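So the protein sequences, as listed, match chains A and B.
Be aware that the first sequence starts at 940, since it is given in the numbering used here, and climbs by one per residue.
Be aware that the second sequence starts at 938, since it is given in the numbering used here, and climbs by one per residue.
For each residue, glycine too, the CB sits at the ideal point set by N, CA and C.
Computed from a predicted structure; not experimentally measured.
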Amino acid sequence: EPEVTQTPSHQVTQMGQEVILRCVPISNHLYFYWYRQILGQKVEFLVSFYNNEISEKSEIFDDQFSVERPDGSNFTLKIRSTKLEDSAMYFCASRTGGMLPQPQHFGDGTRLSIL
Amino acid sequence: GQQVMQIPQYQHVQEGEDFTTYCNSSTTLSNIQWYKQRPGGHPVFLIQLVKSGEVKKQKRLTFQFGEAKKNSSLHITATQTTDVGTYFCAGRDSNYQLIWGAGTKLIIKP
């Protein structure tokens, strides 16, 4: 069964550094998402992406965050200048289109640790 | 902004007991999805409810969507150790955005 893949599985970065988290969504999917989950807490929506542009973003997704789909397969999340509070698990998800809303398929996540 | 409230935050049960988690929205939802996240894992889609008053079953799991499409529940009958994890509801609002509940963590007492 096709999967969403995320790399790396764990990223350790110094505060203030830039990080790029990578995702390869399922190939025929059209909608892409980034979520974060601080350890033991709820899943928080960051951003959704459709037709090569951001369709929705949350308050968390400020100017320090950006997303790209550079080559038609990868979907990346960039954090420009990381803060300690950015430490969390970051999940990428994708889904197909269609008349009825379709379930989102999640990757295994990237654990981001900011030192 | 719109919220989906999910309760309880935790539920401890003996193996074999039942488990229920509830989600409530302040506004009408177009549909609601349920996900399960095992410890250390990622959310996995369980089911989607679309119709008012809809009830769906998956083996020991029963999902309900309220008549007003503002609340939903997940009930597990006779829990097993494999049921351990956090169960999230996620409701789609009028802006087509998916609003996630905070999750209910199911803990099986030894």
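Rounded distance between the beta-carbons of residue j and residue i, thought under 8 angstroms
{"i": "lysine 1006 of chain B", "j": "leucine 966 of chain B", "result": "5 angstroms"}
{"i": "glutamine 1114 of chain B", "j": "tyrosine 959 of chain B", "result": "Outside the displayed range of chain B (938 to 1047) lies residue 1114 of chain B, so it cannot be described from this structure."}
{"i": "alanine 1015 of chain B", "j": "glutamine 946 of chain B", "result": "Wrong, their Cβ atoms sit about 23 angstroms apart, outside the cutoff."}
{"i": "valine 943 of chain A", "j": "glycine 1046 of chain A", "result": "4 angstroms"}
{"i": "glycine 1022 of chain B", "j": "isoleucine 969 of chain B", "result": "The pair is not a contact, with the Cβ atoms about 18 angstroms apart (cut-off 8 angstroms)."}
{"i": "proline 1042 of chain A", "j": "phenylalanine 982 of chain B", "result": "4 angstroms"}
{"i": "glutamate 995 of chain A", "j": "valine 986 of chain A", "result": "7 angstroms"}
{"i": "leucine 1023 of chain A", "j": "isoleucine 993 of chain A", "result": "No, leucine 1023 of chain A and isoleucine 993 of chain A are not in contact; Cβ-Cβ is about 26 angstroms, not under 8 angstroms."}
{"i": "phenylalanine 988 of chain A", "j": "phenylalanine 1014 of chain A", "result": "7 angstroms"}
{"i": "aspartate 1025 of chain A", "j": "isoleucine 1018 of chain A", "result": "6 angstroms"}
Alpha-carbon spacing of residue i relative to residue j, whole angstroms
{"i": "valine 980 of chain A", "j": "glycine 1037 of chain A", "result": "For the record, residue 980 of chain A in the displayed sequence is glutamine; it is not valine. Rounded to the nearest angstrom, the two C-alpha atoms are 31 angstroms apart."}
{"i": "asparagine 990 of chain A", "j": "valine 951 of chain A", "result": "31 angstroms"}
{"i": "glycine 1003 of chain B", "j": "proline 964 of chain A", "result": "33 angstroms"}
{"i": "lysine 996 of chain B", "j": "proline 980 of chain B", "result": "20 angstroms"}
{"i": "aspartate 955 of chain B", "j": "methionine 1028 of chain A", "result": "30 angstroms"}
{"i": "serine 1009 of chain B", "j": "glutamine 953 of chain A", "result": "42 angstroms"}
{"i": "arginine 1034 of chain A", "j": "histidine 968 of chain A", "result": "5 angstroms"}
{"i": "threonine 1021 of chain A", "j": "glutamine 951 of chain B", "result": "43 angstroms"}
{"i": "serine 1031 of chain B", "j": "tryptophan 1037 of chain B", "result": "14 angstroms"}
{"i": "leucine 1064 of chain A", "j": "arginine 1050 of chain A", "result": "This structure gives no information on residue 1064 of chain A, because the portion of chain A shown stretches from 940 to 1054."}
{"i": "glycine 977 of chain B", "j": "arginine 975 of chain A", "result": "14 angstroms"}
{"i": "isoleucine 1013 of chain B", "j": "threonine 957 of chain B", "result": "6 angstroms"}
{"i": "leucine 1060 of chain A", "j": "phenylalanine 1030 of chain A", "result": "As shown, chain A starts at 940 and ends at 1054. That puts residue 1060 of chain A outside it, with no answer to give."}
{"i": "lysine 994 of chain B", "j": "glycine 955 of chain A", "result": "48 angstroms"}
{"i": "threonine 1018 of chain B", "j": "isoleucine 1045 of chain B", "result": "6 angstroms"}
{"i": "aspartate 1020 of chain B", "j": "threonine 964 of chain B", "result": "30 angstroms"}
{"i": "glycine 953 of chain B", "j": "leucine 998 of chain B", "result": "13 angstroms"}
{"i": "cysteine 1026 of chain B", "j": "glutamine 985 of chain B", "result": "10 angstroms"}
{"i": "valine 1071 of chain B", "j": "isoleucine 959 of chain A", "result": "Since the first residue of chain B shown is 938 and the last is 1047, residue 1071 of chain B is not available in this structure."}
beta-carbon residue i near the ligand GTP non-hydrogen atom, thresh 7 angstroms
{"i": "threonine 1015 of chain A", "result": "In the structure shown, the ligand GTP is absent, as is every other ligand, since no ligand is present at all."}
Residue(s) in a DSSP beta bridge with residue i
{"i": "methionine 942 of chain B", "result": "B:Asn961"}
{"i": "glutamine 953 of chain A", "result": "None, per the DSSP bridge assignment."}
{"i": "tyrosine 1024 of chain B", "result": "B:Lys973, B:Thr1041"}
{"i": "valine 981 of chain B", "result": "B:Lys973"}
{"i": "histidine 1012 of chain B", "result": "B:Thr957, B:Thr999"}
{"i": "histidine 949 of chain B", "result": "B:Ile1044"}
{"i": "isoleucine 959 of chain A", "result": "A:Lys1017"}
{"i": "glutamine 945 of chain A", "result": "A:Cys962"}
{"i": "threonine 1049 of chain A", "result": "A:Tyr1029"}
Exercise. When Cβ atoms are compared, which residues of the segment 996 to 1028 of chain A fall closer than 8 angstroms to chain B?
Worked result: none
Problem set entry | chain A contacts from the segment 972 to 986 of chain B (Cβ-Cβ distance under 9 angstroms) | Tyr972, Gln974, Gly978, His979, Pro980, Val981, Phe982, Leu983, Ile984, Gln985
For this session: Using a Cβ-Cβ cut-off of less than 9 angstroms, give me the residues of the segment 971 to 987 of chain A that come near chain B, in sequence order.
Result: Tyr972, Tyr974, Gln976, Gly979, Gln980, Lys981, Val982, Glu983, Phe984, Ser987
Problem set entry | Any beta strand (DSSP E) of 3 or more consecutive residues that is wholly inside the segment 973 to 1036 of chain A | 983 to 989, 992 to 996, 1004 to 1007, 1014 to 1018, 1027 to 1034
For this session: With 7 angstroms as the limit, tell me which residues of the segment 997 to 1031 of chain B have their beta carbon closer than that to any beta carbon of chain A; keep them in chain order.
Result: Phe1025, Arg1029
Problem set entry | Positions along the segment 953 to 967 of chain B whose CB lies within less than 9 angstroms of some CB in chain A | Ser967
Exercise. Closer than 9 angstroms, Cβ to any Cβ of chain B: which residues of the segment 1037 to 1050 of chain A, in chain order?
Worked result: Leu1039, Pro1040, Gln1041, Pro1042, Gln1043, His1044, Phe1045, Gly1046, Asp1047, Gly1048
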